[in-house]
Each structure stands twice: as C-alpha cells, then as structure tokens.
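Just so it is clear: in the sequence shown, position 104 is 104 by this note's numbering, and no numbers are missing.
Only one structure is covered here, and it is reproduced in the block below.
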Amino acid sequence: MPPADDLAGKLLADAFPQAGPPADALSDPLVDTPMVVVLDQLRPYELNPRVTRNPLFDEIKASIRQRGLDAQPSITRRPGDPHFIIRNGGNTRLTILRELWTETREERFLRIACLFRPWPARGEIVALTGHLAENELRGGLTFIERALGIEKARELYELEVNTSLTQAELARRLCLDGYPVQQSHISRMRDAVQFLLPAIPTVLYGGLGRHQVERLAVLRKAAERAWDVHISDRATDTDYPTLFQEVLQSFDGEAAAFSLPRVQDELIGQMSELLNINYDSLALDIDATEQRQVALTRTPTKPPTAPSPPPAKARKEVNPAIQSPAGQPPTDSGSAPIGSRVQDINRLIAEQVDEQPDGEDLFSVADLWHVDASVDSPPCLRVLIAQFATEIAAESEPESVIEPSDEGIGFTCSVAEDAGVLQLLSGSHEFGTLLLAPERVSDTSLIKLFRLLRLVRRLHELEAGNGSSSSTSN
Numbered sequence: 001m002p003p004a005d006d007l008a009g010k011l012l013a014d015a016f017p018q019a020g021p022p023a024d025a026l027s028d029p030l031v032d033t034p035m036v037v038v039l040d041q042l043r044p045y046e047l048n049p050r051v052t053r054n055p056l057f058d059e060i061k062a063s064i065r066q067r068g069l070d071a072q073p074s075i076t077r078r079p080g081d082p083h084f085i086i087r088n089g090g091n092t093r094l095t096i097l098r099e100l101w102t103e104t105r106e107e108r109f110l111r112i113a114c115l116f117r118p119w120p121a122r123g124e125i126v127a128l129t130g131h132l133a134e135n136e137l138r139g140g141l142t143f144i145e146r147a148l149g150i151e152k153a154r155e156l157y158e159l160e161v162n163t164s165l166t167q168a169e170l171a172r173r174l175c176l177d178g179y180p181v182q183q184s185h186i187s188r189m190r191d192a193v194q195f196l197l198p199a200i201p202t203v204l205y206g207g208l209g210r211h212q213v214e215r216l217a218v219l220r221k222a223a224e225r226a227w228d229v230h231i232s233d234r235a236t237d238t239d240y241p242t243l244f245q246e247v248l249q250s251f252d253g254e255a256a257a258f259s260l261p262r263v264q265d266e267l268i269g270q271m272s273e274l275l276n277i278n279y280d281s282l283a284l285d286i287d288a289t290e291q292r293q294v295a296l297t298r299t300p301t302k303p304p305t306a307p308s309p310p311p312a313k314a315r316k317e318v319n320p321a322i323q324s325p326a327g328q329p330p331t332d333s334g335s336a337p338i339g340s341r342v343q344d345i346n347r348l349i350a351e352q353v354d355e356q357p358d359g360e361d362l363f364s365v366a367d368l369w370h371v372d373a374s375v376d377s378p379p380c381l382r383v384l385i386a387q388f389a390t391e392i393a394a395e396s397e398p399e400s401v402i403e404p405s406d407e408g409i410g411f412t413c414s415v416a417e418d419a420g421v422l423q424l425l426s427g428s429h430e431f432g433t434l435l436l437a438p439e440r441v442s443d444t445s446l447i448k449l450f451r452l453l454r455l456v457r458r459l460h461e462l463e464a465g466n467g468s469s470s471s472t473s474n
C-alpha cells in the first residue's frame, strides 16, 4: 500500500486536475501570500527542537477534528527545494492533519489554507528561533529539547559571524530573534548537553526539569572538586569524568523515578572506596562545596520591604464599623479572605517556577519586577511583551490575534467583541471589571498581565532616556 502522503497527492490530482504547471515549478511569491497546499507538498521542519510527543497532542487533535485549524499556518520554502516547510511551529498540527486524513479521508484535512512567507536572508536561524518560541507557547519543550535547540542556534550564529560567541552575546542574539533566554540558563543548558545527556538521555527526554538539572550539575562540579583535592596522593585507574558517567548511567530510567539523593549517595559511596576516605567526611566536603556554588550562582533579588506599622494613634482611630469580626481576616467583597487569596496567588507563582520549570526561560513570573540585564533593551522587551500578550490571548480569547511589532509596546491586538482581558490589551479602560472578575481573567493570566505591564513600563523608561541599570533590580 502506498504511503499516505503519496496517496493524498494522487487523490488530489485525480479530483482536481491542474490547469497549469505544478506549484513547485513556479517561482515563489516575493511577499506574504495566502495559498492552498496539500499534505504531500508539506514537510516538517528538519531542525524542529521538539523530538518528544507534544503533551497537548490529544487536546489539539480533538480540537482540529471538531473545528479544523483555528489559524492559517505559516509556511516557507528554501530556494530550490521542492517542498514547503512549516515556518514557525506547527509541526504537531501537521502530524495531526496527516493522522486525521488517514483516519477520515475528509478533504478538509487534505487541502490546507496557509500563509506563504518568503524565505529570508537569515532563513535557518529565523526558522529555528521561531520554532523554539512557538513550541514554548503551544505545549512547552523539555529542558533538554530547549538546550539542544539553543546549542544548534549557537552553531548557526557562529557560522553567520564566523567567530565563537560568548554566552552573553548568544543571549542577546536569541532575544533579538524572538527567543529570550537568560545567560545563566544558557550555561546550565550547555552543561546538560555536554555532561548529562550522554549518561541519562531517557531521563532528560522524559521531562527532567531545569531545577533538577541544576542540582545535578552542582553535584557534579562539587564532587569533582572534592576528587581533585583528594586524588593527588592516591593512585587509581579511574578518572572522575568516567566515574560520574558510569554512576549516572545506572539511573537512566523513568524521569518520575529519578532520585538525586540516590545518585549522590552512589557517587559518594564509590568515591569513598576509590579514594579510601570516610563516607561522612566526603559527604560533608561535597555538601559545603555545593552550598557555596548555589550561593555564587543564585540570581540576586531584592527582598520585599515590609510595610511599617501605622502609629498607635491611627490604629485607635479606625472606624469599628468597617472592621471585620473578631478573629476574622478582612474579606474581598464577601468572597474568600484576602489573606487566603494572596496565598493562592503566591502558590500559583511558585507553581509557575517549581512545578513548571520548563516555561520559566520565556515567561518567568517568580519576580514580577526584576528585568534581567540580558533582555533590558527596547527590542528584547518588545519581544517579551508580545509573547506575554500572546499567552494571555491564547487563554482569554483564542479567536483574537496578537501581532508582534517592532514599534510601540511590541504588539498590536485585533479582538472580537466582548473579548475580556484583550479589551484591556487593546486600550480599554474597563480595568476594574476585567481585573476583579476571575471568570474573565484567570489568576495565571492576571500574573502575566502584571508582568507585561512592568515590562511596558521599563520599555517606556528606556525610550524616554531615564532608564538605568539599577532600575532592573529595584
């Protein structure tokens, strides 16, 4: 039986005979142009950073089966290539369309309305960073997928400029091309690719998050320093890199079952035997080194200042009529207590960082005010603002469209009538109604909206000429 792609092309040719030369025999448009293509004319992007199944695959498939594609995918083509490729993300949707065509033979899954965009001068790097950003917005990447994507981007940038790049310069170029990543994260990613991926590929592709990777990297360096201190007066046929790889390989299984304490115990145990050193002494030495490393690499943030208590006289003059019942915290319009609400918000912020670490590179909300130096420029801020707006739009009103812009605050927004929070993004003044209604603005979108407003404020400071490096940590 012929492959589904060839069958799709044959059926289309039989049903819709061509009146002129085939599409791939014609020159591609020089401007953005809507066109209809069939599955046989499309190929996935070869450097797509996602190699594991999209965690939202089943939900996306159900949506496409019921409603079709919500938006036209952008496609492009390298000069001289016979097939089109997905330009920014969309490889999951292409796979789903192939499955649905095979299952249903419905023409709506065979013929696809697309927006053709010409192949740019920097096509490879634009395509790669576009796929990185799009994958983050539509299901997220595992830490190792993101790390490998950024390493590939480094290769393309270095070919472009014909020289090696520092991590700071790589972070700057990624941000300008629409995929902002903090410089400190780039360092951790490179360690993961170089030292961890050869030993535990199953664990990493299974979704081991950034925080666990960081702790594992810190353990590797701390144990190596302890090894270097104690190996000088001892003879052994094993070197530390080999020992670390062998220990780590024995734990390559399900990501959910991966245990860092067990890795540390096994590593210290084998080091203790090879170096003939007491296990507890070695463990204390490594632990002290780990703590120093964590202290040196942690991003400093200014702790919040506790508000000063009002003077005693002011407290006595409070109107008893507006006080809450004894022992009860004040409430927000008769709903949950304000204290409880704040705890919920704090927990949500913690979840954004601790339980979903893979999304933190693009959409960090752990510190709503801090602006990292690597993205503290108008072009980078516009990229970040547009990405936050896209995420808020995706949850609040999927049919509305966010278009990134190199001017203004970084995006334009076309909204449907009564589009909730997107009215605010479009300039509506219904702040009170929108922000105080959880059914219209979820806590997640509200946090991201606050972060967006902070970035817009910083953008205005820089463009007005009164921004300073100190303001990024205030």
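The beta carbon of each residue, even a glycine, is placed where N, CA and C say it ideally should be.
Next on the checklist: For Ala121 and Glu155, I'd like the C-alpha separation in whole angstroms.
Outcome noted: Rounded to the nearest angstrom, the two C-alpha atoms are 17 Å apart.
Item to check | Contact set for Gln182: own chain, Cβ-Cβ below 6 Å, skip 5 residues either direction | outcome: Excluding sequence positions up to five before and after Gln182, its CB lies within less than 6 Å of the CB of Asp372, Ser374, all in the same chain and listed in chain order.
Next on the checklist: Mapping the DSSP letters down to three states, classify Arg117 as helix, strand or coil.
Outcome noted: Note: Arg117 maps to coil in three-state DSSP.
Item to check | For Thr412, three-class secondary structure by DSSP | outcome: In the structure shown, Thr412 sits in a strand (DSSP, three-state: E or B).
Checklist entry - Per DSSP, what kind of secondary structure is Ile60 in: helix, strand or coil? => result Looking at Ile60 - three-state DSSP - the assignment turns out to be helix.
Item to check | Inter-residue CB distance, His286 and Ala222 (contact presumed, cutoff 8 Å) | outcome: One point to set straight first is that residue 286 is Ile, not His, in the sequence displayed. The beta-carbon distance between Ile286 and Ala222, rounded to whole angstroms, is 5 Å. This is short enough to meet the 8 Å contact definition.
Checklist entry - Going by Cα to Cα distance, which pick from Val126, Asp32, Ala192, Asp177 is closest to Tyr45? => result Looking at Val126, Asp32, Ala192, Asp177, the one whose alpha-carbon comes closest to that of Tyr45 is Val126.
Checklist entry - Roughly how many angstroms lie between the CA atoms of Val36 and Cys114, to the nearest whole one? => result Rounded to the nearest angstrom, the gap between the Cα atoms of Val36 and Cys114 is 6 Å.
Item to check | Contact belief for Ile75 with Ile86 at Cβ below 8 Å, rounded distance in angstroms | outcome: 6 Å between Cβ atoms; contact.
Item to check | Same chain, Cβ closer than 7 Å to Glu158, five either side skipped, listed in chain order | outcome: So the qualifying residues of the chain are Ser164, Leu165.
Item to check | Helix, strand or coil at Thr390 [DSSP, three-state] | outcome: If DSSP states are grouped into helix, strand and coil, Thr390 belongs with the helices.
Checklist entry - Going along the chain, which residues of its own chain have a beta-carbon closer than 7 Å to the beta-carbon of Glu254, five neighbours each way excluded? => result The residues are Gly206.
Checklist entry - What whole-angstrom Cβ distance do Gly209 and Thr129 have, given they're in contact under 8 Å? => result Gly209 to Thr129, Cβ: 22 Å. No contact.
Checklist entry - At which residues does the beta strand (DSSP E) containing Phe251 begin and terminate? => result Note, Phe251: premise wrong, no beta strand (DSSP E); not H, not E.
Checklist entry - Hey, quick one: how far does the alpha helix (DSSP H) through Pro261 stretch, first residue to last? => result DSSP places Pro261 inside the alpha helix (DSSP H), whose first and last residues are 260-275.
Checklist entry - So Ile86 is in the beta strand (DSSP E); what residue range does that whole segment cover? => result Unbroken beta strand (DSSP E) run through Ile86: 84-86.
Checklist entry - When DSSP builds the beta bridges, which residues end up paired with Glu103? => result In DSSP, Glu103 forms no bridge with anything.
Checklist entry - Using the C-alpha atoms, what's the distance from Phe450 back to Ser405? => result Taking the Cα positions, Ser405 is about 20 Å away from Phe450.
Checklist entry - What separation, rounded to the nearest whole angstrom, lies between the Cα atoms of Leu216 and His370? => result One C-alpha to the other measures close to 26 Å.
Next on the checklist: Pull the bridge partners of Met189 from the DSSP assignment, please.
Outcome noted: The partner list for Met189 (beta bridge, DSSP) is empty, contrary to what the question assumes.
Item to check | Residue environment, Tyr279, which counts as buried when at least 16 other CB atoms sit within 10 Å | outcome: Label assigned to Tyr279: exposed.
Checklist entry - alpha helix (DSSP H) containing Thr478: first to last residue? => result Here the chain has residues from 1 to 474 only, and residue 478 is not among them.
Checklist entry - In whole angstroms, what separates the C-alpha of Ala256 from that of Glu461? => result So the alpha carbons of these two residues sit roughly 44 Å apart.
Item to check | Ser414 versus Glu403: straight-line alpha-carbon distance, rounded | outcome: Cα-Cα distance, rounded: 8 Å.
Checklist entry - Since Arg454 and Gly410 are thought to touch, with beta carbons under 8 Å apart, how far apart are those beta carbons, to the nearest angstrom? => result Between Gly410 and Arg454 the Cβ distance is about 13 Å, and since that is not below 8 Å, they are no contact.
Checklist entry - Leu248 to Val263, Cα distance in whole Å? => result Between Leu248 and Val263, the C-alpha separation is close to 7 Å.
Checklist entry - Excluding sequence positions up to five away, which residues of its chain have a Cβ less than 8 Å from the Cβ of Leu459? => result Within the same chain, Leu459 has close Cβ partners Pro378, Leu381, Arg382, Ile385, Ile409, Gly410.
Next on the checklist: Can you give me the C-alpha to C-alpha distance between Glu463 and Ile277, rounded to a whole angstrom?
Outcome noted: Rounded to whole angstroms, the gap between the alpha carbons of Glu463 and Ile277 is 60 Å.
Checklist entry - Can you tell which of Leu94, Gly269, Gln291 has its C-alpha closest to the C-alpha of Gln72? => result Gln72 has its Cα closest to that of Leu94, out of Leu94, Gly269, Gln291.
Checklist entry - How many angstroms separate the CA atom of Gln270 from the CA atom of Ala394? => result Taken atom to atom, the span from the alpha-carbon of Gln270 to that of Ala394 is near 50 Å.
Item to check | Where the alpha helix (DSSP H) through Thr444 begins and ends | outcome: From DSSP, the alpha helix (DSSP H) with Thr444 extends over 443-464.
Next on the checklist: Given this structure, state the Cα-to-Cα distance separating Leu112 from Trp227, to the nearest angstrom.
Outcome noted: According to the sequence provided, residue 112 is Ile. The question's Leu does not apply to it. Each residue's Cα considered, the two are about 59 Å apart.
Checklist entry - Would you report the Cα separation of Gly80 and Leu110, rounded to the nearest angstrom? => result Straight-line spacing of the CA atoms in Gly80 and Leu110 works out to 24 Å.
Next on the checklist: Can you tell me whether Gln66 is buried or exposed? The criterion is at least 16 other CB atoms within 10 Å of its CB, across all chains shown.
Outcome noted: So Gln66 ends up on the exposed side.
Checklist entry - So Val38 is in the beta strand (DSSP E); what residue range does that whole segment cover? => result The continuous beta strand (DSSP E) containing Val38 extends over residues 33-38.
Next on the checklist: Since Phe84 and Leu42 should fall inside the 8 Å C-beta cutoff, what is the C-beta to C-beta distance between them, to a whole number of angstroms?
Outcome noted: The distance from the Cβ of Phe84 to that of Leu42 is about 5 Å, consistent with a contact at the 8 Å cut-off.
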